[in-house]
Each structure stands twice: as C-alpha cells, then as structure tokens.
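Asker:
There are 4 protein chains.
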Amino acid sequence: MKFTNRQLDIIQAATKLIGEKGIQNLTTKNLAAEIGFSEAALYRHFKNKNVIISSILEYYKDEIKDVMFGIIQDSTTGILKLEKIIEFLFNRFSSNPAIIMIVFAETSFQNDIQLSEQVHSILKQKKMVFEQVILKGQNDGSIRMDIQKEQLATIFMGSLRLTVLRWRLSNMNFDLNKEGDILWSALAKVFIK
Amino acid sequence: MKFTNRQLDIIQAATKLIGEKGIQNLTTKNLAAEIGFSEAALYRHFKNKNVIISSILEYYKDEIKDVMFGIIQDSTTGILKLEKIIEFLFNRFSSNPAIIMIVFAETSFQNDIQLSEQVHSILKQKKMVFEQVILKGQNDGSIRMDIQKEQLATIFMGSLRLTVLRWRLSNMNFDLNKEGDILWSALAKVFIK
Amino acid sequence: MKFTNRQLDIIQAATKLIGEKGIQNLTTKNLAAEIGFSEAALYRHFKNKNVIISSILEYYKDEIKDVMFGIIQDSTTGILKLEKIIEFLFNRFSSNPAIIMIVFAETSFQNDIQLSEQVHSILKQKKMVFEQVILKGQNDGSIRMDIQKEQLATIFMGSLRLTVLRWRLSNMNFDLNKEGDILWSALAKVFIK
Amino acid sequence: MKFTNRQLDIIQAATKLIGEKGIQNLTTKNLAAEIGFSEAALYRHFKNKNVIISSILEYYKDEIKDVMFGIIQDSTTGILKLEKIIEFLFNRFSSNPAIIMIVFAETSFQNDIQLSEQVHSILKQKKMVFEQVILKGQNDGSIRMDIQKEQLATIFMGSLRLTVLRWRLSNMNFDLNKEGDILWSALAKVFIK
DNA sequence: TATGAATGAGGCTTCATTCAT
DNA sequence: AATGAATGAAGCCTCATTCAT
Numbered sequence: 009m010k011f012t013n014r015q016l017d018i019i020q021a022a023t024k025l026i027g028e029k030g031i032q033n034l035t036t037k038n039l040a041a042e043i044g045f046s047e048a049a050l051y052r053h054f055k056n057k058n059v060i061i062s063s064i065l066e067y068y069k070d071e072i073k074d075v076m077f078g079i080i081q082d083s084t085t086g087i088l089k090l091e092k093i094i095e096f097l098f099n100r101f102s103s104n105p106a107i108i109m110i111v112f113a114e115t116s117f118q119n120d121i122q123l124s125e126q127v128h129s130i131l132k133q134k135k136m137v138f139e140q141v142i143l144k145g146q147n148d149g150s151i152r153m154d155i156q157k158e159q160l161a162t163i164f165m166g167s168l169r170l171t172v173l174r175w176r177l178s179n180m181n182f183d184l185n186k187e188g189d190i191l192w193s194a195l196a197k198v199f200i201k
Numbered sequence: 009m010k011f012t013n014r015q016l017d018i019i020q021a022a023t024k025l026i027g028e029k030g031i032q033n034l035t036t037k038n039l040a041a042e043i044g045f046s047e048a049a050l051y052r053h054f055k056n057k058n059v060i061i062s063s064i065l066e067y068y069k070d071e072i073k074d075v076m077f078g079i080i081q082d083s084t085t086g087i088l089k090l091e092k093i094i095e096f097l098f099n100r101f102s103s104n105p106a107i108i109m110i111v112f113a114e115t116s117f118q119n120d121i122q123l124s125e126q127v128h129s130i131l132k133q134k135k136m137v138f139e140q141v142i143l144k145g146q147n148d149g150s151i152r153m154d155i156q157k158e159q160l161a162t163i164f165m166g167s168l169r170l171t172v173l174r175w176r177l178s179n180m181n182f183d184l185n186k187e188g189d190i191l192w193s194a195l196a197k198v199f200i201k
Numbered sequence: 009m010k011f012t013n014r015q016l017d018i019i020q021a022a023t024k025l026i027g028e029k030g031i032q033n034l035t036t037k038n039l040a041a042e043i044g045f046s047e048a049a050l051y052r053h054f055k056n057k058n059v060i061i062s063s064i065l066e067y068y069k070d071e072i073k074d075v076m077f078g079i080i081q082d083s084t085t086g087i088l089k090l091e092k093i094i095e096f097l098f099n100r101f102s103s104n105p106a107i108i109m110i111v112f113a114e115t116s117f118q119n120d121i122q123l124s125e126q127v128h129s130i131l132k133q134k135k136m137v138f139e140q141v142i143l144k145g146q147n148d149g150s151i152r153m154d155i156q157k158e159q160l161a162t163i164f165m166g167s168l169r170l171t172v173l174r175w176r177l178s179n180m181n182f183d184l185n186k187e188g189d190i191l192w193s194a195l196a197k198v199f200i201k
Numbered sequence: 009m010k011f012t013n014r015q016l017d018i019i020q021a022a023t024k025l026i027g028e029k030g031i032q033n034l035t036t037k038n039l040a041a042e043i044g045f046s047e048a049a050l051y052r053h054f055k056n057k058n059v060i061i062s063s064i065l066e067y068y069k070d071e072i073k074d075v076m077f078g079i080i081q082d083s084t085t086g087i088l089k090l091e092k093i094i095e096f097l098f099n100r101f102s103s104n105p106a107i108i109m110i111v112f113a114e115t116s117f118q119n120d121i122q123l124s125e126q127v128h129s130i131l132k133q134k135k136m137v138f139e140q141v142i143l144k145g146q147n148d149g150s151i152r153m154d155i156q157k158e159q160l161a162t163i164f165m166g167s168l169r170l171t172v173l174r175w176r177l178s179n180m181n182f183d184l185n186k187e188g189d190i191l192w193s194a195l196a197k198v199f200i201k
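Chains as they are written, first to last, in our numbering: chain A, 9 to 201; chain B, 9 to 201; chain C, 9 to 201; chain D, 9 to 201.
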C-alpha cells in the first residue's frame with residue numbers, strides 16, 4: 009500500500025475541498041474540520057501541507073493510470089482505445105467532479121517549484137501515453153497518418169480538457185457524458201484515416 | 009479611457025506577479041512593492057483587491073477582443089481568419105508570457121463567486137466568437153461542415169490552450185511561435201473541407 | 009463669530025455622522041464625503057480631527073447654554089424654569105436626534121485626555137446651572153428644601169438623560185416629547201414642596 | 009460553566025482595557041498584550057472581536073443579575089430592596105471601576121447593529137427588574153403610588169447612572185460609596201409614600 | 001494517535017495626516 | 001481654497017506549523 013487509511017481519508021477530504029472552491033480552500037483548518045479531527049493531527053500523517061498536495065497528485069495519477077493501461081491492453085485498434093479512454097474519463101469526472109480541479113491543476117501550483125514540476129511531469133507522462141496510443145492507431149491503420157501523433161494528442165487532450173472545464177464553470181449544468189459523446193463523434197471524424 | 013494611468017500601472021504590475029508565480033503571488037504587499045509605493049496607495053486607485061483582479065480580467069479581455077475583431081474583419085475566408093487569430097495569439101503570449109496565466113485563469117478564482125462568474129462569462133464570449141468565425145468558414149466553403157461549429161471551436165481553443173500551457177510549464181523552453189505553426193498545420197488539415 | 013461658514017458645515021456634517029453611528033463613524037473619509045469635498049480640505053479649516061471634535065462640543069455647549077439662559081431669565085419660579093428647560097431640551101433632541109450623541113458623549117472620548125477633560129468640564133458646568141436654578145426654586149418656595157440642590161440636580165439630569173438614551177436605543181420609536189411630558193409630571197411631583 | 013478559564017482571562021483583560029480608555033482602547037493588539045500572548049491566540053478562544061465584546065456584556069449582565077435577584081428575594085419591603093441594590097451597585101463599581109464603562113456602554117456600540125441591540129436589550133431588562141421591585145414596593149405600601157413605576161424606575165436608574173458617570177469622569181476623586189449614601193437618602197425621600 | 005494551546009508571518013484594509021500642485 | 005496622491009501605523013483576522021500533554 010502506498011498510503012495508510014488515514015492518509016487516504018485526508019486525500020479524500022482534501023480532494024473534496026479543492027473540488028468545492030479550489031486550492032485556496034485547502035487550508036489545514038478546513039481540512040481538519042472536513043475530516044473531523046484536529047489540525048495538529050494532520051502532521052501525524054503527513055510531514056506538511058505540500059506533501060499532502062503532492063500525495064493527492066500522485067494518488068490520482070496512479071488511479072487514472074491504472075485504468076488507462078487496462079483500457080489500452082483490452083481494446084483492439086488505436087481509435088477504439090481512444091474512444092474507451094474518453095468514455096472512462098468523462099464518466100470518472102462526471103461521477104466525481106471534485107477530482108477535476110486536481111487532474112487539471114497545472115496552473116494552481118506555480119507558487120511552489122517542486123509541485124509545479126511534479127504537475128508538469130504528470131502532464132508530460134499523460135501526453136506520452138496518448139501519443140503511444142495514437143502511434144499504435146496509426147500503425148494499425150485506424151488513425152490518420154498525415155498529422156503527427158504529438159499534434160493529435162494535443163487536439164485530443166486539449167478539447168477534452170476544455171469540455172470538462174466548461175462543465176465545471178457552468179456548475180455542472182449540462183450532461184457531461186452526453187457532451188463527451190458529442191465531442192467524441194467529432195474527434196472520431198477528425199482522427200479517422 | 010477605461011482606466012487611469014496609475015490603474016494601468018497596477019494592472020501591469022499585477023499581471024507580472026501573476027505571470028511569475030500565479031495568483032497566490034498577487035498579494036497587496038507584493039503588488040505595492042512591484043509598483044514601488046505603499047500598500048495603502050493601492051486603495052486610492054482601486055476599491056479593493058478583487059476589483060483589481062476583476063479589472064485585470066476586463067483589461068485583457070478588451071485588448072484581445074479588439075485585435076480579434078480587427079482580424080475577423082480584415083481576413084477573407086473563415087479558415088484564414090482562424091490562421092491569423094492563432095498567429096496573433098501565439099505571438100502575443102510569446103512576447104508577454106505573463107498574461108497567459110490571466111487569459112487562462114479560469115480555475116484560479118473558484119474561491120470567489122463573482123470572479124468565477126466573470127471568468128466563465130469571458131470564456132463563453134470567446135467561444136462564441138470562434139463559433140461565429142467557424143460558421144462563416146463553413147458558409148464560405150473554407151471549413152468542413154460535417155462537424156458542428158461548437159465542436160470545432162472546442163478543438164481549436166482546447167488544443168491552443170494546451171499548447172500554450174505546456175510552454176509555460178516547460179519554463180518556455182521551446183519556441184512557442186514555431187510550435188504554434190506546427191499546431192496550425194495540423195488544425196488546418198483537420199478543419200479544411 | 010466663533011466659526012467660519014465652512015467650519016460650521018464641517019461641524020454639522022460631523023454631527024450627522026456621529027448621530028448616525030457614533031464617533032467611530034466620524035472618520036476623515038466619511039466626513040469629507042458627507043460634505044462633498046476632499047479629505048485634505050478638512051485640514052484647511054481645522055488643524056486636525058481632535059480640534060474638529062472639540063469644536064463640535066463647544067458649538068453645542070454654547071448653543072444650548074444660550075437658550076437655557078434665556079429660559080432662566082424669562083421664567084418666574086424655579087419650578088417653571090425647570091419645566092421650560094425640560095420642554096426645550098426634549099424638543100431640541102426630538103427635532104435633531106443627531107446631537108444627542110454629542111450632548112451625552114461623555115463616555116466616547118476617554119481615549120483622549122484633553123477631550124475627556126473638556127467633556128467633563130461641560131458636564132460640571134451644566135450641573136451647576138441646574139443647581140442654581142434649583143436653588144432659586146428653593147428660595148422662591150417652588151421647590152422642596154429637604155433635599156439638597158445637588159441631589160435634585162442629579163435626579164433631574166439623570167432621569168432626563170436616561171429617557172433620551174432609551175429613545176435613541178429604541179431607534180426613536182416612541183414620541184419623545186410625549187415621554188418628556190410624562191417624565192416631567194413625575195418630576196414635578198418629586199420636586200414640588 | 010458558560011466560559012472557559014481562558015475566556016474569562018480574556019474578558020477580564022478586555023474589561024480592564026475598556027475601563028482605562030474606552031472601547032477604542034480594546035484592540036486585538038492591546039488585548040493580546042494585556043493577557044501576555046499573541047493576537048492569533050485570541051482566535052482560539054473567541055471567533056472574533058465582536059464575540060469577545062458580546063461575551064463581556066453577557067458576563068456582566070449575568071453577574072449583576074444574579075446578585076440582584078438574591079437581594080430582591082432576601083429583602084422584605086420594596087424600598088429596602090432598592091436600598092440594598094443601590095448599595096450593592098455602588099460598592100461593585102467602587103471596587104471595580106473598569107466595569108462601569110461596560111455596564112453603561114450603551115452609546116459605545118452604535119457602530120454595530122447586533123451589539124447595539126444586545127445593549128438595548130440588556131438595558132430594557134434591567135429597567136423591567138427595577139419596575140417590578142418598585143411595583144412590589146407600591147403594593148406593600150413602602151413606595152408612593154402617585155407616580156408610575158416606569159417613571160420611578162427612570163428616576164432611580166438615571167440618577168444612579170449619572171452619579172457613577174461623574175465619579176468616573178472625575179478620575180474617581182470622590183468617595184463613590186459615600187456619594188451613593190447621599191443620593192440614596194435623597195431618593196428615599198422621593199420614593200417614600 | 002490525537003489534541004488544545006500557542007505563535008510568527010503575513011493577509012487585506014482603514015486610519016489620520018502631509019505635501020506638491 | 002481645494003485636491004490627488006501618497007504614506008506609516010494600526011486595525012482585524014487567517015495561515016501553516018510546533019509542542020507539551
């Protein structure tokens with residue numbers, strides 16, 4: 009196990025707080041109150057607040073990575089993998105909106121060099137995964153080859169992110185899964201050879 | 009004029025601070041120090057800090073809007089308009105990276121309802137502009153019609169945003185304009201009928 | 009003239025501010041806004057804020073003193089003088105409630121030794137006036153002699169002050185003049201021989 | 009217990025500060041210094057400064073109420089109750105002058121609607137207690153009946169308050185208990201049938 | 001493991017006042 | 001006579017963190 013139960017409690021509570029009002033809402037006071045114990049107790053489980061944030065990032069990175077690798081291995085063609093991934097992600101965000109602000113948190117941690125680098129590294133890693141999937145798709149003939157995998161990955165991730173962001177900003181007042189379907193039917197036309 | 013000179017000084021200094029380390033770096037103390045006067049002096053020019061942030065958002069909204077409308081009217085086909093816009097934006101961000109964190113600041117203001125709505129409204133407005141441009145492109149035959157303008161706008165804005173974000177996170181260690189060209193050649197293939 | 013016109017404007021505006029929300033509401037900013045000019049302008053007319061407060065105290069001391077001396081000389085018996093005075097005062101407070109907080113401001117200026125002494129001196133002076141009136145009443149046979157003038161003055165002033173205070177605290181939601189009449193009919197029974 | 013020990017420390021220190029120089033002297037900085045810990049520590053014991061003030065008011069309201077009810081039940085006739093009460097109050101103020109500014113603080117909180125109402129409500133409650141005592145005195149024949157209990161209460165409380173106020177303004181340079189006796193002998197003559 | 005108490009640093013804001021124009 | 005700009009001091013409050021119990 010990477011985290012103790014108590015640490016998982018904290019990660020979950022922190023996710024909720026960030027999901028509600030952004031990182032500025034993640035104070036030790038709010039966090040302790042959300043969990044239902046004292047602020048001091050937090051320091052039994054994590055060295056400091058930055059380690060908590062860092063752990064949150066790791067936690068969701070792993071969680072999403074695991075599912076994505078499952079999808080990648082199960083699906084046959086590259087284009088199908090992308091379809092399954094987008095389906096999973098929109099579903100995940102839809103059922104747990106709080107994690108959106110963490111998964112797309114790149115701009116939130118400029119403050120702190122170490123967190124900023126961690127966040128950048130996670131983004132690069134995700135991009136590489138998508139590029140590999142797209143490359144396979146180009147090789148298996150399901151994805152067009154006249155556009156480089158890097159640009160297709162940018163288009164895929166970028167439009168996905170923006171759609172999810174709009175959903176958050178609208179206070180989730182449209183059906184994200186439906187919007188995801190519509191986006192995918194557009195992306196599919198764009199990606200197919 | 010919408011703002012006094014001193015207000016423009018403050019907006020510029022605030023932009024710099026946010027550009028460097030995010031909104032958490034925009035404190036009254038840092039801001040006053042950046043401008044070179046006392047914290048109290050800020051309050052002669054703006055009612056409070058939220059009004060400063062709000063003004064920054066308005067300022068860059070207007071600035072970018074003006075140029076975009078110029079481009080929209082000058083260029084002939086829809087696809088050319090998009091090309092000019094992307095060129096302008098990458099150039100703008102490249103020459104003044106600080107504004108990136110403001111123009112893409114949507115996640116930064118969840119804290120504050122009013123700012124959050126302002127930021128959402130700006131995003132919606134931008135999306136509509138892109139949709140109109142795309143619609144014209146579809147009517148003039150320069151842009152494909154088998155994908156709805158809304159989805160094309162999402163693809164356009166999303167991939168543009170993600171590219172710029174990666175540049176920031178990489179500490180601007182690649183040539184944003186060149187990357188913009190590459191992205192555009194991909195998008196062009198995607199958009200053309 | 010003791011004060012210039014501009015100084016009288018300032019005294020009047022300050023009275024209004026204090027009347028509305030107490031001395032804590034008398035800030036240079038509020039005062040300037042109330043008058044309709046700049047804060048800096050205040051310093052053309054008064055050396056500083058304490059001098060303004062001091063002037064307010066003097067102004068109303070004089071104003072009330074003048075009327076009271078008129079009453080004292082006009083009326084015949086001591087008891088009639090008291091009646092006229094109480095009538096005048098309740099009428100004055102009723103028509104201009106703002107001055108109540110100034111005329112009864114003794115607890116407001118503890119902060120500042122000089123103002124505190126000024127306020128004490130005004131109170132002592134008022135008390136002496138009432139004692140003289142009562143003494144005359146005792147001599148002319150209209151006021152009982154078995155209680156010392158000092159105690160009768162305390163009873164008179166004290167009950168008057170408390171009645172007016174209650175009126176202010178109730179947001180002036182009863183008829184002060186009527187309540188003054190009722191109080192006076194009680195006091196008259198108490199004072200008469 | 010209504011308050012923790014630390015809260016009582018804070019109430020006591022605040023009382024002292026207000027007693028010395030009025031509410032304007034009750035700043036978080038002064039208060040923390042008086043107690044001997046940091047400003048931040050205050051906020052572990054009270055939510056904010058207004059709650060501190062509110063607590064002070066409650067504390068002394070209760071304290072005085074308890075004693076007064078004891079007196080009311082012990083004494084026989086109405087007039088005797090009044091005598092005991094005045095004796096107790098002058099003694100209390102004499103031995104702890106700081107609380108005077110709190111018990112007579114009605115004009116100090118106009119600034120704040122909630123405090124202002126609290127202070128008004130306390131005053132009304134006290135008035136009612138005195139009116140009840142007086143009513144009993146009128147029924148048991150010890151207090152005159154030709155003046156309404158409301159007016160007698162005003163006379164009683166008003167003259168008491170003014171006497172105490174004069175003592176404070178004079179920097180306590182006369183013997184308050186002795187002055188209380190003198191006042192009472194006057195009031196007794198006034199109240200007795 | 002947990003907490004109550006405490007704190008230094010810093011947050012935003014208002015205060016009365018000054019000064020050049 | 002008046003003002004716009006500025007300021008040092010101070011206001012209230014929250015932050016992340018520590019430590020003794």
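Don't be surprised by glycine CBs; every beta carbon is placed ideally from N, CA and C.
Small disclaimer: the values here were computed from a predicted structure and weren't measured.
In angstroms with no decimal places, state the Cα-to-Cα distance between C/Glu66 and B/Met9.
Answerer: Indexing the third sequence from 1 puts residue 66 of chain C at position 58. Indexing the second sequence from 1 puts residue 9 of chain B at position 1. About 48 angstroms.
Asker: Say whether chain B places a C-beta atom closer than 8 angstroms to the C-beta of A/Leu16.
Answerer: Translated into positions along the first sequence, residue 16 of chain A becomes position 8. No, because no Cβ of chain B sits closer than 8 angstroms to the Cβ of A/Leu16.
Asker: Check whether the stretch 104–111 of chain C and the stretch 143–161 of chain C are in contact - that is, three or more C-beta pairs closer than 8 angstroms.
Answerer: No, they do not touch.
Asker: Cβ closer than 9 angstroms: which chain C residues qualify as neighbours of D/Ser178?
Answerer: Translated into positions along the fourth sequence, residue 178 of chain D becomes position 170. In chain order: His128 and Lys132.
Asker: Assuming the contact rule is C-beta atoms closer than 8 angstroms, B/Glu47 and B/Leu25 should be a hit. Round their C-beta distance to whole Å, please.
Answerer: Taking the second sequence and counting its residues from 1, the one referred to as residue 47 of chain B is at position 39. Taking the second sequence and counting its residues from 1, the one referred to as residue 25 of chain B is at position 17. No, B/Glu47 and B/Leu25 are not in contact; Cβ-Cβ is about 14 angstroms, not under 8 angstroms.
Asker: Counting contacts by CB-CB distance shorter than 8 angstroms, is A/Asp154 in contact with chain B?
Answerer: For this step, residue 154 of chain A is matched to residue 146 along the first sequence. Yes, contact with chain B.
Asker: Classify C/Leu34 as helix, strand or coil using the three-state DSSP reduction.
Answerer: For the purposes of this step, residue 34 of chain C is identified with residue 26 of the third sequence, where counting begins at 1. Correct three-state label for C/Leu34: coil.
Asker: Measuring straight from C-alpha to C-alpha, what distance separates A/Thr12 and A/Lys55?
Answerer: Position 4 of the first sequence holds residue 12 of chain A. Position 47 of the first sequence holds residue 55 of chain A. For A/Thr12 and A/Lys55, the distance between alpha carbons rounds to 14 angstroms.
Asker: Residues of chain B with CB under 7 angstroms from A/Thr162, in chain order?
Answerer: Translated into positions along the first sequence, residue 162 of chain A becomes position 154. Within 7 angstroms Cβ-Cβ: Ser167, Leu170, Thr171 and Leu191.
Asker: In whole angstroms, what is the alpha-carbon distance linking C/Ser178 and C/Gly149?
Answerer: Your numbering for residue 178 of chain C matches position 170 in the third sequence. Your numbering for residue 149 of chain C matches position 141 in the third sequence. Rounded to whole angstroms, C/Ser178 to C/Gly149 spans 38 angstroms at the Cα level.
Asker: Compare the C-beta of B/Glu139 against all C-beta atoms of chain A and say whether one is closer than 8 angstroms.
Answerer: To locate residue 139 of chain B, count along the second sequence from 1; it is residue 131. Chain A, which has no Cβ nearer than 8 angstroms to the Cβ of B/Glu139, makes this no.
Asker: Our contact map puts D/Gly86 next to D/Lys132 with C-beta atoms below 8 angstroms; I'd like the distance itself, whole angstroms only.
Answerer: The sequence position of residue 86 of chain D within the fourth sequence is 78, counting from 1. The sequence position of residue 132 of chain D within the fourth sequence is 124, counting from 1. Contact doesn't hold; Cβ gap of about 20 angstroms is too wide.
Asker: Could you tell me whether any Cβ in chain D is nearer than 8 angstroms to the Cβ of C/Phe101?
Answerer: On the third sequence, residue 101 of chain C is found 93 positions in, with the first residue counted as 1. For C/Phe101, the answer is no, since every Cβ of chain D falls outside 8 angstroms of its Cβ.
Asker: Identify the contact partners of C/Gly30 in chain D, using a Cβ-Cβ distance below 8 angstroms as the criterion.
Answerer: As a working note, residue 30 of chain C is residue 22 in the third sequence. Within chain D, the residues near C/Gly30 are Thr115, Ser116, Phe117, Gln118 and Asn119.
Asker: Taking a cut of 9 angstroms between CB atoms, which residues from the stretch 29–48 of chain A lie near chain B?
Answerer: Residues passing the 9 angstroms Cβ filter: Lys29, Gly30, Ile31, Gln32 and Asn33.
Asker: If B/Ile155 sits next to A/Ala194, beta carbons under 8 angstroms apart, how far is it from one beta carbon to the other, in whole angstroms?
Answerer: Mapped onto the second sequence, residue 155 of chain B falls at position 147. Mapped onto the first sequence, residue 194 of chain A falls at position 186. Sure, about 5 angstroms apart at Cβ, within 8 angstroms.
Asker: Is there at least one Cβ from chain A nearer than 8 angstroms to B/Val198's Cβ?
Answerer: Residue numbering aside, residue 198 of chain B sits at position 190 when the second sequence is read from its first letter. Taking Cβ atoms only, chain A reaches closer than 8 angstroms to B/Val198, which makes this a yes.
Asker: Below 8 angstroms on the Cβ atoms is my contact criterion, and I expect C/Glu114 with C/Val127 to pass it. Report the Cβ-Cβ distance as a whole number of Å.
Answerer: Position 106 of the third sequence, counted from the start, is the residue given in the question as residue 114 of chain C. Position 119 of the third sequence, counted from the start, is the residue given in the question as residue 127 of chain C. Yes, they are in contact, since the Cβ atoms of C/Glu114 and C/Val127 sit about 5 angstroms apart, within 8 angstroms.
Asker: Please report the distance separating the alpha-carbon of A/Gln122 from that of A/Ile130.
Answerer: Counting from 1 along the first sequence, the entry for residue 122 of chain A is found at position 114. Counting from 1 along the first sequence, the entry for residue 130 of chain A is found at position 122. Roughly 12 angstroms between the two C-alpha positions.
Asker: Taking the alpha-carbon positions, what's the A/Asn58 to A/Ser167 distance?
Answerer: By 1-based counting over the first sequence, the position of residue 58 of chain A is 50. By 1-based counting over the first sequence, the position of residue 167 of chain A is 159. Answer to the nearest angstrom: the Cα atoms are 30 angstroms apart.
Asker: What does A/Phe112 reach in chain B if we use C-beta pairs closer than 9 angstroms?
Answerer: One-based indexing of the first sequence puts residue 112 of chain A at position 104. Thr115, listed in chain order.
Asker: Using the Cβ count rule (16 or more neighbours within 10 Å means buried), how would you classify B/Phe52?
Answerer: Here residue 52 of chain B is taken as the residue at index 44 of the second sequence, counted from 1. In the sequence as displayed, the identity of residue 52 of chain B is Arg instead of Phe. Under this definition B/Arg52 is an exposed residue.
Asker: For D/Val75, which residues in the same chain have their Cβ closer than 7 angstroms to its Cβ, ignoring the five residues on either side in sequence?
Answerer: In the fourth sequence, residue 75 of chain D corresponds to position 67, counting from 1. Hits under 7 angstroms: Phe96.
Asker: Starting from C/Glu91 and walking both ways along the alpha helix (DSSP H), at which residues does that stretch end?
Answerer: As a first step, residue 91 of chain C must be located in the third sequence, where it is residue number 83. Looking at the DSSP string, the run of the alpha helix (DSSP H) that includes C/Glu91 is Gly86 to Ser103.
Asker: Establish whether the CB of A/Met136 and some CB of chain B are separated by less than 8 angstroms.
Answerer: On the first sequence, residue 136 of chain A is found 128 positions in, with the first residue counted as 1. With 8 angstroms as the cut-off, A/Met136 does not count as an interface residue toward chain B.
Asker: So which residues of chain D does C/Met109 contact, with C-beta pairs closer than 9 angstroms?
Answerer: Here residue 109 of chain C refers to the residue found at position 101 of the third sequence. Per Cβ cutoff of 9 angstroms: Thr115 and Gln118.
Asker: Is A/Ala194 close to chain B, meaning its C-beta is less than 8 angstroms from at least one C-beta of that chain?
Answerer: Position 186 of the first sequence, counted from the start, is the residue given in the question as residue 194 of chain A. Cβ-Cβ to chain B under 8 angstroms: yes for A/Ala194.
Asker: In three-state terms, what does DSSP make of A/Ile155?
Answerer: Translated into positions along the first sequence, residue 155 of chain A becomes position 147. Coil.
Asker: I'd like the list of long-range same chain contacts for A/Val141, defined as Cβ closer than 8 angstroms, with 5 residues on each side in sequence excluded.
Answerer: Counted from its first residue, the first sequence places residue 141 of chain A at position 133. Taken in chain order, the residues that qualify are Ile80, Gly86, Lys89, Leu90 and Ile93.
Asker: Check each candidate in B/Ile72, B/Met165 and B/Gln146 and name the one with the smallest Cα separation from B/Thr216.
Answerer: An answer regarding residue 216 of chain B cannot be provided, because it is not within the stretch 9 to 201 covered by chain B.
Asker: Tell me, please, whether the CB atom of C/Gln159 is closer than 8 angstroms to any CB atom in chain D?
Answerer: In the third sequence, residue 159 of chain C corresponds to position 151, counting from 1. True, the Cβ-Cβ gap to chain D drops below 8 angstroms.
Asker: Tell me, to the nearest whole angstrom, how far the beta carbon of B/Glu31 is from that of B/Ile60; I am working on the premise that it is less than 8 angstroms.
Answerer: In the second sequence, the residue the question calls residue 31 of chain B occupies position 23. In the second sequence, the residue the question calls residue 60 of chain B occupies position 52. With the sequence shown as reference, residue 31 of chain B is identified as Ile, and Glu is not the correct amino acid for it. 11 angstroms between Cβ atoms; not a contact.
Asker: Suppose the cutoff is 6 angstroms on Cβ atoms and the five residues either side in sequence are ignored; what does the same chain contact list for D/Ser116 look like?
Answerer: Here residue 116 of chain D refers to the residue found at position 108 of the fourth sequence. Hits under 6 angstroms: Ile31.
Asker: May I ask you to report which of helix, strand or coil DSSP gives B/Gln15?
Answerer: Locating residue 15 of chain B in the second sequence gives position 7, counting from the first residue. In the structure shown, B/Gln15 sits in a helix (DSSP, three-state: H, G or I).
Asker: Tell me which residue opens and which closes the alpha helix (DSSP H) that C/Met180 is part of.
Answerer: Reading the third sequence from its first residue, position 172 is the one you call residue 180 of chain C. Element bounds for C/Met180: n/a, residue is neither H nor E.
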